[in-house]
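Shown next, in structure tokens, is the structure this report addresses.
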Amino acid sequence: MDKSDFEEISEASNRFANKLYRIISKHKGNILFSPTSVHIVLSLLYQGANSETAEAIESVLGVPNKEAAANGYNNIMKWLNQLEDVTLHSANKIYVMRNFSLKEEFYKSAVEQFLSEVEEIHFKNNTEAAKKMNRWVENKTNLKIKDLVSPSSLDGLTRLVLINAIYFKGNWLDPFIDDSTTTESFFRTSNDKIDCQMMHTNAKFNYCENEYLDAKILEMKYRNINVSMVCVLPNEIDGIENLEKKLIDVDLSTLTNDSEHVKVKVSLPKFRFDKTIELEDVLKELGLEIIFDGNRADFSDLSTNNQGLYVSKAIQKALIEVNEEGAEIVATT
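Residue numbers 1 to 333, in the UniProt record's numbering, belong to the letters of the sequence shown in order.
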């Protein structure tokens, strides 16, 4: 494994996550998204881009060149798919209009480096095409994500669809005590509370208090201790808005750097939440207006018949479910 490419793409993905969070956190209400899934799809699209379009995607991804992105994700996807004690898979699929020829170099990179499946399809029959793509997504996400592709988003002018699906399921290293889960109040603000199923445990975790964030930070490891969930709790009941503003300027990968392994009494809501995000405005704000512009986008490294080829729609669906045994998290872009 080429460690340098692996680490370079991992670090680029983390920086991209911070940039994406900065934009998506402006949205009101709960947010849920997978920056990795977006980064993978853009990295695959980058392989087919040329000139200013390639430069724009390269800048947003934070990668040095196409080769580093392809090699890095090849290593990362192989690593993800062989993790023990958790289920963590990433899969890519390219649906191509019949008789729309992909350039050999792009096809080779997609299949060999990004481990993509490629399938020809009739987009003109949009209902059947959407049904086929959604079946693939359901299969890759353990039936958790449904109806990612709307028939109305496809027509006779559609040339190809790129899809990434990430699926994770892991059991806690220290599971919650089943019979201790009770109905309790969860305070969204000091004046707004709801009833929820609250899980309880008392075990050793990586824990610290962050003065800048004015918050407590808890790292809950899965059975594979290289994978964990990080929870950030504001010290004040009404502190979530202030916390979110401060998190924008924090490198999320460093949150647990000052943690100590100590015994902590933990109460955590049992929950399931899903979210759909239209990514066009988000990606434009990141600096990718050009990929949505049919007059400017240049995907000449993707296909020989690339005239007028541009991105018409970008969407992500994500879901998280947390219970006494562990967590299940899925995302598809």
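Backbone N, C-alpha and C define an ideal beta-carbon position, used for all residues, glycine too.
As the structure is a computational prediction, the values presented were derived from the model and not from experiment.
Check                                                                                                                                                                               : Outcome
What ranges does the beta strand (DSSP E) occupy inside the stretch 123–187, keeping only unbroken runs of at least 3 residues that lie completely in it?                           : 160–171
So the candidates are Tyr95, Asn134, Ala110 and Asp238; which of them puts its Cα closest to the Cα of Lys193?                                                                      : Asp238
Would you mind sorting His39 into buried or exposed? The rule is 16 or more other CB atoms within 10 Å of its CB.                                                                   : buried
Less than 8 Å between the CB atoms is what I'm expecting for Thr181 and Lys270, so what's the real figure, rounded?                                                                 : 6 Å
Assuming Ile57 and Leu218 form a contact by the criterion Cβ under 8 Å, report the distance between their Cβ atoms to the nearest whole angstrom.                                   : At roughly 36 Å, the Cβ-Cβ gap does not stay under 8 Å, so Ile57 and Leu218 are not in contact.
By a C-beta neighbour count over all protein chains shown, 10 Å radius and 16 as the cutoff for buried, is Asp2 buried or exposed?                                                  : Residue placement at Asp2 is flagged as unreliable, the pLDDT there being 47, under the threshold of 50; a coordinate-derived value is accordingly withheld.
What are the complete alpha helix (DSSP H) segments, minimum 4 residues, inside the stretch 54–100?                                                                                 : 66–80
Count the other C-beta atoms from every protein chain shown that fall within 10 angstroms of the C-beta of Lys144, then say buried if there are 16 or more, exposed otherwise.      : buried
Suppose you measure from the CA of residue 394 to the CA of Asn224; what does that come to, to the nearest Å?                                                                       : In this structure the chain extends from 1 to 333, so residue 394 is not present and cannot be described.
How big is the Cα-Cα spacing for Thr36 and Glu67?                                                                                                                                   : 18 Å
For Ala17, which three-state DSSP category applies?                                                                                                                                 : helix
Looking at Thr201 and Asp174, is the spacing between their C-beta atoms short of 8 Å?                                                                                               : yes
Determine, using beta carbons only, whether Phe16 and Ile277 come nearer to each other than 8 Å.                                                                                    : no
For the candidate residues Val311, Ser25, Ser4 and Glu11, whose alpha-carbon lies nearest to that of Leu247?                                                                        : Ser25
May I have the straight-line CA-CA distance separating Tyr195 from Val330, to the nearest angstrom?                                                                                 : Position check: residue 195 holds Asp in this sequence, whereas Tyr was assumed. Those two C-alpha atoms are separated by around 26 Å.
If you draw a straight line from the C-alpha of Glu117 to the C-alpha of Glu241, how long is it?                                                                                    : 42 Å
Roughly how many angstroms lie between the CA atoms of Glu119 and Ala130, to the nearest whole one?                                                                                 : 13 Å
Apart from the five residues on each side of it in sequence, which residues of its chain come closer than 7 Å, Cβ to Cβ, to Leu45?                                                  : Ile57 and Leu162
What would DSSP say about Met1, mapped onto helix, strand or coil?                                                                                                                  : Since pLDDT at Met1 reaches only 44, below the 50 mark, its modelled position is unreliable, and the value read off the structure follows with that caveat. It is coil, neither helix nor strand.
Could you tell me the distance, in whole angstroms, from the CA atom of Ala165 to the CA atom of His261?                                                                            : 34 Å
Going by the beta-carbon positions, is the gap between Asn18 and Lys275 smaller than 8 Å?                                                                                           : no
Quick check on Leu157: buried or exposed, where buried means 16 or more other Cβ atoms within 10 Å of its Cβ?                                                                       : exposed
Can you give me the start and stop residues for the alpha helix (DSSP H) that Ile240 sits inside?                                                                                   : Ile240 to Leu247
Check the DSSP bridge columns for His261 and list the partner residues they point to.                                                                                               : Asn206
Beta-carbon separation of Lys169 and Glu328 under 8 Å?                                                                                                                              : yes
Using only alpha-carbon positions, find the residue among Phe114, Val63 and Leu160 that is nearest to Gly312.                                                                       : The question names Gly, but residue 312 in the sequence shown is Ser. Here the closest residue by C-alpha is Leu160.
Can you confirm whether the stretch 66–81 touches the stretch 98–118 when touching is taken to mean that 3 or more C-beta pairs between the two stretches lie within less than 8 Å? : yes
Between the beta-carbon of Ser300 and the beta-carbon of Asn50, is there less than 8 Å?                                                                                             : yes
Buried or exposed, going by whether 16 or more other CB atoms sit within 10 Å of the CB of Glu52?                                                                                   : exposed
For Asn125 and chain D, any beta-carbon pair shorter than 8 Å?                                                                                                                      : Among the protein chains of the structure shown there is no chain D, as only one such chain exists.
Give the DSSP bridge partners of Val232, in chain order.                                                                                                                            : Ile217
Let me know if Asp298 comes out buried or exposed under the rule of 16 or more other beta-carbons within 10 Å of its beta-carbon.                                                   : buried
Should Thr332 go down as buried or exposed, given a rule of 16 or more other Cβ atoms within 10 Å for buried?                                                                       : buried
Alpha carbons only, please: which of Lys317, Thr189, Met198 and Lys103 is nearest the one belonging to Ile177?                                                                      : Met198
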